[in-house]
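With our numbering applied, the sequence shown corresponds to residues 22 to 211, in that order.
For glycine and all other residues, C-beta sits at the position ideal for the given N, C-alpha and C.
Note that the structure is predicted; figures quoted are calculated from it, not measured.
See below for the structure under consideration.
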Amino acid sequence: MKGGKLIIFSAPSGSGKTTIVRYLLEQQDLNLAFSVSATSRLSRGEEKNGEHYYFLSVTEFKKHIKNDDFLEWEEVYRDNFYGTLKSEVERLCAEGKNVIFDIDVAGGLRIKKKFPKETLAVFVKPPSVDELKIRLKKRSTENDDKINMRIAKASVELATAPQFDSIIKNYDLDIALKEARELVAEFIRN
Ligand code: 5GP
22 MKGGKLIIFS
32 APSGSGKTTI
42 VRYLLEQQDL
52 NLAFSVSATS
62 RLSRGEEKNG
72 EHYYFLSVTE
82 FKKHIKNDDF
92 LEWEEVYRDN
102 FYGTLKSEVE
112 RLCAEGKNVI
122 FDIDVAGGLR
132 IKKKFPKETL
142 AVFVKPPSVD
152 ELKIRLKKRS
162 TENDDKINMR
172 IAKASVELAT
182 APQFDSIIKN
192 YDLDIALKEA
202 RELVAEFIRN
């Protein structure tokens, strides 16, 4: 893949990685573009097709798997497929952008393995699993079952942190944002 650098932010759900990714996208000098993933989950609240995700049916998603259209894909939660379309990353790289991903740890590590030199893989660490639970409840975008499913996955995901290039501790958001900005700026510069 020619062109830009690939910046991955992975973390357990509720760690604040989406907030960090949004902040980085606002920093014009980093020349970042967001990799819009495909998903078979339903859209929540204000989410727009093509902006937050490409919302697909399970059948459509599976068709893309069969056609080998994904750089990586995961059944992140039962019946909820998520994946990065090759076409999305190729398009953004062709525009001369650095591409930023908000994806789960397995997907993040898979992209890092495919493009080790071009990729910066960052793990965002929450203060604790209890704090994650509080944040997910506060966000109230999921019901209790879904929250418990995300919490159960979090412990497994936390164990993968050492496999990432860098770990950002999101205990204090302002500090985490500053750290993320410096990390990405340095990677892009080199
Ligand atoms: P949510 O349903 O909260 O939007 O996302 C659930 C999880 O799926 C998050 O950890 C998110 O980062 C991850 N995710 C989103 N897009 C992708 C993708 O394209 N591939 C993979 N592997 N995970 C993704």
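Residues of the same chain with a CB within less than 6 Å of the CB of Tyr74, apart from the 5 flanking positions on each side, are Ser58, Thr60 in chain order. The C-alpha of Leu92 lies about 6 Å from the C-alpha of Thr105.
Every unbroken stretch of the beta strand (DSSP E) spanning 3 or more residues and falling wholly within the region 81-112 is given here in chain order: 91-98, 101-106. DSSP, reduced to helix, strand and coil, places Lys38 within a helical segment of the structure shown. In this structure, the alpha-carbon of Ile86 lies about 11 Å from that of Val79. Taking all protein chains shown into account, Gly35 has 16 or more neighbouring C-beta atoms within 10 Å of its C-beta and is therefore buried. For Asn169, the uninterrupted alpha helix (DSSP H) segment begins and ends at 165-179.
No heavy atom of ligand 1 is found nearer than 8 Å to the CB of Ala201.
Taking non-hydrogen atoms of ligand 1 into account, the C-beta of Thr80 is found less than 8 Å away from none of them. Not one heavy atom of ligand 1 lies closer than 8 Å to the C-beta of Ile196.
In the displayed model, Phe208 falls within a helix according to three-state DSSP.
Here the distance from the Cβ of Asn191 to the nearest heavy atom of ligand 1 is not below 8 Å. 9 Å or more divides the Cβ of Pro33 from the Cβ of Arg160. According to the DSSP assignment, Asp123 belongs to the beta strand (DSSP E) that extends over 119-123.
DSSP places Val150 in the uninterrupted alpha helix (DSSP H) bounded by 150-160.
Judged by DSSP secondary structure, Leu130 falls within the alpha helix (DSSP H) whose first and last residues are 126-135. Going by beta carbons, Leu141 and Ser56 fall outside the 9 Å limit. With contacts defined as CB atoms closer than 9 Å, Ala197 and Ile28 fail to qualify as a contacting pair.
If you ignore the 5 residues before and after Arg202, its C-beta comes within less than 7 Å of the C-beta of Leu45, Gln48, all in its own chain and listed in chain order.
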